[in-house]
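What follows is a set of notes on a single structure, which appears directly below.
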Amino acid sequence: MASVLILNGPNLNLLGTRQPEVYGSTTLADIEAMCLAHGEAIDLKVSFAQSNHEGALVDAIHAARGAHDGIILNAGAYTHTSIALMDAIASVELPAIELHLSNVHAREDFRHVSYIAKACVGIICGFGAQGYVLAMDAMKAKVSG
Ligand code: DQA
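In terms of the numbering used here, the sequence shown is residues 27 to 171.
Put into structure tokens, the structure is as follows:
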């Protein structure tokens, strides 16, 4: 069975209470449960993780090589700043999907810039928690050839 790492960056541990008008009221634990259930439905093994620390996210991406077939990454604000995360994704040579709950292109200009995108096969944004399921379907199609 193909395996995906779903990796979440800074402040996403606060989902549910963090700016619910922007990010919705679903918690990260709810999203993890939804992803695990969807993984069973589509035959995709799911590992789910979150860190507020850029280096820990880099380490998690490195560890994905050989352990997973792809990475779904909601890098939070690091999306817009982190050359280190972009380089990490490019280095492990796994298909990666950039994911955001909110439609970053309908928000502040600084959110229109993504370093991560340069190393990703595609981007999903604006669909709230449902975006995780959409990203899993896209990853399943990608890794199933
Ligand atoms: C986010 C969008 C980012 O701009 C923001 O910094 C986040 C969350 C999203 O899921 O919509 O932390 O990645």
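For every residue, glycine included, the Cβ atom is placed at its ideal position computed from N, Cα and C. These numbers come from a predicted model, not from an experiment.
Its chain contains 121 as the residues whose beta carbon lies nearer than 6 Å to that of residue 168, once the 5 sequence neighbours on both sides are disregarded; these appear in chain order.
The DSSP-derived three-state label of residue 45 is coil. The C-alpha of residue 166 lies about 27 Å from the C-alpha of residue 80.
Contact between residue 123 and residue 161 is confirmed by a C-beta separation of about 5 Å, below the 8 Å threshold. Not a single heavy atom of ligand 1 lies less than 7 Å from the C-beta of residue 141. Per DSSP, reduced to three states, the secondary structure at residue 31 is strand.
Relative to the Cα of residue 68, the nearest Cα in the group 28, 41, 140 and 115 belongs to 28. In this structure, ligand 1 has no non-hydrogen atom nearer than 7 Å to the beta-carbon of residue 51. Per the C-alpha coordinates, the member of 49, 39, 58 and 42 positioned closest to residue 30 is 58. For residue 150, the enclosing beta strand (DSSP E) begins and ends at 148-151. Linking residue 119 to residue 49 through their CA atoms gives a straight-line distance of about 30 Å. Counting along the chain, residue 96 sits inside no alpha helix (DSSP H); it lies in the beta strand (DSSP E) bounded by residues 96-100. If you draw a 10 Å sphere on the C-beta of residue 95, you find 16 or more other C-beta atoms in it, and that means buried. With a threshold of 7 Å, the Cβ atom of residue 79 does not count as near ligand 1, since no heavy atom of the ligand is closer than that. Residue side-chain check: residue 106 places its Cβ nearer than 7 Å to a non-hydrogen atom of ligand 1.
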